[in-house]
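Undergrad: Okay, handing you the structure first.
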Ligand code: HEM
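In full-length UniProt numbering, the protein residues as written are 1 to 496.
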């Protein structure tokens, strides 16, 4: 016998054996469906894979892992946490239409959103029956419509001017902190009303802070009623806010005084069952829900917008030129039409929100089986009872929709490209879509434009800290740490 045969045969067997083991590990890590199957279960990333991804999870959060899984497994995949919990991810406009648009009987908000009940209050939104919560949210939608917000621009401008008047000639600030404060003043003026803004701003903002901070701990998501000090502080804050708004509503009703704010619109509407108005408890809950959904998101979006713009000279110069042009046409005056003319600024904000979405993930519960078809033509069956989710962060960076998705390029929304529109109805998921699409998008854009047009017109700004990293592990992520910016007063108005 050829003496080389035995070692050769042995090494062939060893290679075969190793190949089998590796194949098995890979197959266990990612169980791919047979491609020719007509309709099958999505590929699964198992607990073993997640164990391997643990260091990334702990240092960078879930989004990079979802990004890798999407690249590896495609637009539909399931994460199985040691068979204890399964979440199926649907990413991209091709597979999210049903997720966003299906009726409540087929897709609904998951039980884990019930942590909002002690924050919004009993009988509000997720604690109300479906018909009542639909009416409550419709009222919020109506109050935030473009026509309703026209009169809010002037008070927004006033708040912004007053706030930045305290900056003086030059200095260095944490932009994140400054934007958070000015946005809270705007919310107090336009949503909560004159009484809160003028007489109890500090008290109400402290209570809201206590409510949100203590009501969104990780443990709260699982056991929202666990008797811990944080939950006690949350409940006390909610009770005090309830009393404050009860008094404000009572006093407006008794005096017959009507204000031009969202609170008044909600008070006056008689769109609940049998033509009734909302109760004081519902009014408080809806206002809190708007702030809960809107404040952190707007604050994160406007800070990212600052960080992106100040680190991209080309777009900063274009945004300043646009302001100069508008000053040339309209002077210092600001109204809705002028805000609409700020197309450059609008695209810069939209691009910042695409790259750094304040809502990283949207979660739902499947009440019925459904099937999705990927752009490659694979059909996947999602079973009834499954938790389903979409990663907004991954969806916003799909290379078949967004050219060079990791590059800040506001022109992608401009004429001739409009990548989000070309991509299809759910190609820009930052504001959700379908049944629960964000009703505050327009409000968010006008307040961010009012703030940033003012800053560009009145200050020379430079970011003096490194470009921020993404926060992770937060319900509404923003830029991590401080965003330090130096400013020097300038008057664009005088130079035009
Ligand atoms: C840049 C700012 C904002 C972003 C990125 C944003 C994003 C979102 C997203 C993704 C959803 C859908 C959540 C889901 O489907 O589960 C949502 C819902 C909602 N947003 Fe916003 N939002 C912003 C600002 C605002 C503002 C300023 C308000 C109110 C003043 C607001 C009020 C709401 C409400 C009430 C909902 C719930 C709608 C429903 O469940 O039917 N948002 N938002």
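Yeah, the Cβ is synthetic: ideal placement off N, Cα and C, and Gly gets one too.
Pull up the distance between the alpha-carbon of residue 186 and that of residue 78, whole angstroms please.
TA: So the two alpha carbons sit approximately 41 Å from each other.
Undergrad: Which ranges would you report for the beta strand (DSSP E) in the region 369–396 if only whole runs of at least 3 residues count?
TA: Complete beta strand (DSSP E) runs here, min 3: 370–373, 379–382, 387–391.
Undergrad: Just to confirm the assignment, what range does the beta strand (DSSP E) spanning residue 68 have?
TA: Per DSSP, residue 68 belongs to no beta strand (DSSP E); it is in the alpha helix (DSSP H), 63–73.
Undergrad: Is it true that the CB of residue 490 sits closer than 7 Å to the CB of residue 471?
TA: Not closer than 7 Å, so no.
Undergrad: By a C-beta neighbour count over all protein chains shown, 10 Å radius and 16 as the cutoff for buried, is residue 406 buried or exposed?
TA: Classification of residue 406: exposed, given that the 10 Å Cβ count is below 16.
Undergrad: Which residue's Cα is closest to the Cα of residue 242: 224, 211, 259, 258?
TA: Comparing Cα-Cα distances from residue 242 to each of 224, 211, 259, 258, the minimum goes to 211.
Undergrad: Go ahead and pull the three-state DSSP assignment for residue 485.
TA: DSSP places residue 485 in strand when its eight states are reduced to three.
Undergrad: Considering only residues of the same chain and omitting the five flanking positions on each side of residue 264, which have a CB-CB separation below 6 Å?
TA: Closer than 6 Å at the Cβ level, and outside the excluded window around residue 264, lie 258.
Undergrad: Which same chain residues, not among the five before or five after residue 441, have their C-beta less than 7 Å away from its C-beta?
TA: The answer, listed in chain order, is 431.
Undergrad: Give the secondary structure of residue 171 by DSSP, where H, G and I count as helix, E and B as strand, and everything else as coil.
TA: If DSSP states are grouped into helix, strand and coil, residue 171 belongs with the strands.
Undergrad: Buried or exposed: residue 317, going by 16 or more other Cβ atoms within 10 Å of its Cβ?
TA: Exposed.
Undergrad: Exposed or buried, which one is residue 66 when buried takes at least 16 other CB atoms within 10 Å?
TA: Buried.
Undergrad: Ends of the alpha helix (DSSP H) at residue 290?
TA: Note, residue 290: alpha helix (DSSP H), 280–310.
Undergrad: Mind checking residue 287: buried by the 16 CB within 10 Å criterion, or exposed?
TA: Buried: at least 16 other Cβ atoms inside 10 Å.
Undergrad: Please report the straight-line C-alpha distance between residue 221 and residue 116, rounded to a whole angstrom.
TA: Approximately 9 Å, taken between the alpha carbons.
Undergrad: Exposed or buried, which one is residue 208 when buried takes at least 16 other CB atoms within 10 Å?
TA: Buried, because 16 or more other Cβ atoms sit within 10 Å of the Cβ of residue 208.
Undergrad: Out of curiosity, what's the CA-to-CA distance linking residue 133 and residue 272?
TA: Using only the alpha carbons, I get a separation of about 10 Å.
Undergrad: Is the beta carbon of residue 479 within less than 6 Å of some heavy atom of the ligand HEM?
TA: Every heavy atom of the ligand HEM is 6 Å or more from the Cβ of residue 479, so no.
Undergrad: Grouping DSSP H, G and I as helix and E and B as strand, with all else coil, what is residue 87?
TA: Three-state DSSP puts residue 87 in a strand.
Undergrad: Quick check on residue 407: does DSSP put it in helix, strand or coil?
TA: It is coil, neither helix nor strand.
Undergrad: Between the Cα of residue 192 and the Cα atoms of 245, 338, 365, which residue gives the shortest distance?
TA: Out of 245, 338, 365, 245 has the C-alpha closest to the C-alpha of residue 192.
Undergrad: Per DSSP, what are the beta-bridge partners of residue 361 in this structure?
TA: Answer is 391.
Undergrad: According to DSSP, simplified to helix, strand and coil, what is residue 144?
TA: Three-state result, residue 144: coil.
Undergrad: Taking residue 339 as part of the alpha helix (DSSP H), name the residues at either end of that continuous run.
TA: Segment 336–341, the alpha helix (DSSP H) holding residue 339.
Undergrad: Per the contact definition of three or more C-beta pairs closer than 8 Å, is the region 420–440 in contact with the region 91–101?
TA: Segments in contact, yes.
Undergrad: With respect to the alpha helix (DSSP H) encompassing residue 321, which residues constitute its N-terminal and C-terminal limits?
TA: Counting along the chain, the alpha helix (DSSP H) containing residue 321 begins and ends at 313–330.
Undergrad: Can you tell me whether residue 478 is buried or exposed, with buried defined as 16 or more other CB within 10 angstroms of its CB?
TA: Under this definition residue 478 is a buried residue.
Undergrad: Nearest CA to the CA of residue 408: which residue from 314, 484, 328?
TA: Among 314, 484, 328, the Cα nearest to that of residue 408 is on 314.
Undergrad: Per DSSP, which residues does residue 108 bridge with? Please list them.
TA: Partner(s): 365.
Undergrad: Could you spell out the range, first to last residue, of the alpha helix (DSSP H) harbouring residue 553?
TA: Only positions 1 to 496 of the chain appear in the structure, and residue 553 is not among them; the question remains open.
Undergrad: Measuring alpha carbon to alpha carbon, tell me which of 69, 484, 475 ends up nearest residue 112.
TA: Nearest option by C-alpha distance: 475.
Undergrad: Could you check what DSSP says for residue 10 in three-state terms: helix, strand or coil?
TA: Legend: pLDDT at residue 10 = 39, less than 50; position of this residue unreliable, value from coordinates given subsequently. Residue state, collapsed to three classes: helix.
Undergrad: Considering residue 117, what are the terminal residues of the alpha helix (DSSP H) in which it resides?
TA: From DSSP, the alpha helix (DSSP H) with residue 117 extends over 117–120.
Undergrad: What does the alpha-carbon distance come out to for the pair residue 50 and residue 354?
TA: Computed Cα separation, rounded: 27 Å.
Undergrad: Determine the extent of the beta strand (DSSP E) in which residue 445 is found, giving its start and end residues.
TA: Counting along the chain, residue 445 falls outside any beta strand (DSSP E), though it belongs to the alpha helix (DSSP H) covering 441–458.
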